[in-house]
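First to last, the sequence lines map onto chains R and B.
No gaps in the numbering here: position 22 of the first sequence is 25 in this note's numbering, and each next residue is one more.
No gaps in the numbering here: position 28 of the second sequence is 813 in this note's numbering, and each next residue is one more.
Each residue gets a CB set at the ideal place from its N, CA and C atoms; glycine is no exception.
See below for the structure under consideration.
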Amino acid sequence: MFRSFAEWIAHTGLNHTFQESASWLIPTSQSIHIISVGVLFTSALLINIRLLGAANTGRTVSQLTRTLVPWMWGALGALLLTGVIQTIAEPVRQFVTPMFWAKMIMIVIVVAMTAIFTGKVRANASAWDATTPRPPGARQFAIVSTLLWVAVIVCGRFIGYTWSDYL
Amino acid sequence: MSIDSIITAIHDSTLSAILRGDFPGTEWMFPIIETLHVLCLTIVFGTIAMVDMRLLGLVSRQTPFTKLYRELIPWTWWAFAGAVVFGSILATGKIEDYAYNLQFLAKFVLMALAGANMVVFHVGAYRNVASWDKVVPTPARARLAGALSLALWIGVIFFGRWVGFVT
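Below, the structure written as structure tokens:
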């Protein structure tokens, strides 16, 4: 089913437009993709390290969240846009490998987790800024979301190395 | 010893053969090391971009520059060390392709320029950081350093990604 969807995309005009400019469009799009990953992943790490109590250099969880989460959403927008460009340009490459689907599922989970976390911090900043006792779930959120972002990056990189095995 | 004989020696090394997947079980070495390189470089870029954008007055305007700087720079250096180690290992695998590759060499020229820009910032604007630590806009020299750094590191990522398309 996904294969036929991929082949349908491969026959669209947009696919042909992107393919004609593929020599510069795909590397450029991937570069913007990596730059956005840098902004998003670093922001997530800084918040999570703070939640775990390390790097206690002053800024509180709510300050970090207020400053960094908007950048995470901005970077996510750029990732979505460049990701869609890359998928339209090379649909089969994406849809045939389980790495792509694992990546998408994990993105949905970690984005939902981050949205819920951000809402909770906004609703009760002082509780989240306290380190003794740490709010329930803070450590778990930090560890699980860090692992998910790392796994998303790993799967993303491995799309390029596995897709030809599934043709 | 000529450059070419050094390149040949690297190419003939066991490490290079491992990266090319020449031994059983090493087929995935290149993708694995590359993924580790990517994880490191996203942190390098993310932390540098946050410092640069603070210099430009775009983020964390209420946070003193030195506070942000001291919080982020250790992460930059650790991640940079990781990126250098994994990147060097990676380069041995395709050294004959990389050594005279325009994009690969351009990446290192831009990194050298980014390093020079950092040195100029340290002996220049950063010397009297006390006078502008909490001030936005920062002095023109500091803003110039931030803008140059951001542009150069974006260039490094572009050329780095491009290498994978031409070798």
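Taking A13/R as reference, the option from V124/R, T90/R, R69/R with the minimal CA-CA separation is T90/R.
Below 8 Å, enough C-beta pairs join the segment 926 to 946 of chain B and the segment 17 to 36 of chain R to call them touching: three or more. Taking the beta carbon of V844/B as reference, the chain R residues within 7 Å of it are T70, listed in sequence order.
Under a 10 Å Cβ-count criterion, F830/B is classified as buried, with 16 or more other Cβ atoms of the shown protein chains found around its own Cβ. A buried status is given to M109/R, since no fewer than 16 other beta-carbon atoms sit within 10 Å of its beta-carbon. Considered as a whole, the segment 114 to 140 of chain R harbours no complete run of any beta strand (DSSP E) with no fewer than 3 residues.
At a Cβ-Cβ threshold of 8 Å, F44/R and I162/R do not count as neighbours. When secondary structure is reduced to three states using DSSP, L83/R falls in the helix class. A residue is called buried once 16 or more other Cβ atoms fall within 10 Å of its Cβ, and K919/B, having fewer, is exposed. Annotated three-state conformation of F808/B is coil, per DSSP.
Contact with chain R is found for T820/B, since one of that chain's Cβ atoms lies less than 8 Å from the residue's Cβ. Around Y164/R, the beta-carbon contacts reaching into chain B at under 7 Å are P816. In the structure shown, W813/B falls within a coil segment according to DSSP collapsed to helix, strand and coil. For G909/B, the three-state secondary structure derived from DSSP is coil. For the segment 38 to 55 of chain R, the residues whose beta carbon sits under 9 Å from a beta carbon of chain B are, in order, I38, V40, G41, V42, L43, F44, T45, S46, L48, L49, I52.
Contact holds between the segment 124 to 133 of chain R and the segment 60 to 72 of chain R, because three or more Cβ pairs, one in each stretch, are under 8 Å apart. At a cut-off of 8 Å between C-beta atoms, M835/B counts as an interface residue with respect to chain R. DSSP, read as helix, strand or coil, puts Y854/B in helix. With contact defined as three or more Cβ pairs closer than 8 Å, the segment 860 to 870 of chain B and the segment 829 to 848 of chain B are in contact. When DSSP states are grouped into helix, strand and coil, V40/R belongs to the helix group. C-alpha of F98/R to C-alpha of G159/R: approximately 12 Å in a straight line. With distances taken between CA atoms, L824/B lies nearest to A868/B out of A868/B, R855/B, V836/B. Interface with chain B (8 Å Cβ-Cβ cutoff): F120/R is excluded. Ranked by Cα distance from F5/R, the options R96/R, T117/R, V153/R, D168/R are led by R96/R. Note that the C-beta distance between T923/B and R62/R is not below 8 Å. Taking H907/B as reference, the option from I795/B, A930/B, F865/B with the minimal CA-CA separation is A930/B.
Under a 10 Å Cβ-count criterion, A910/B is classified as buried, with 16 or more other Cβ atoms of the shown protein chains found around its own Cβ.
A straight-line Cα-Cα distance of about 16 Å links N902/B and V914/B. In the displayed model, Q847/B falls within coil according to three-state DSSP, outside both helix and strand. DSSP places E93/R outside both helix and strand once states are collapsed to three, so it counts as coil. Taking a C-beta distance under 8 Å as the contact criterion, G842/B and L895/B do not qualify as a contact pair. The three-state secondary structure of G56/R, taken from DSSP, is coil. At least one C-beta of chain B is nearer than 8 Å to the C-beta of F161/R. Here F815/B is not near G872/B, since their CB atoms are 8 Å or more apart.
Around the beta-carbon of F893/B, fewer than 16 other beta-carbon atoms lie within 10 Å, marking it exposed.
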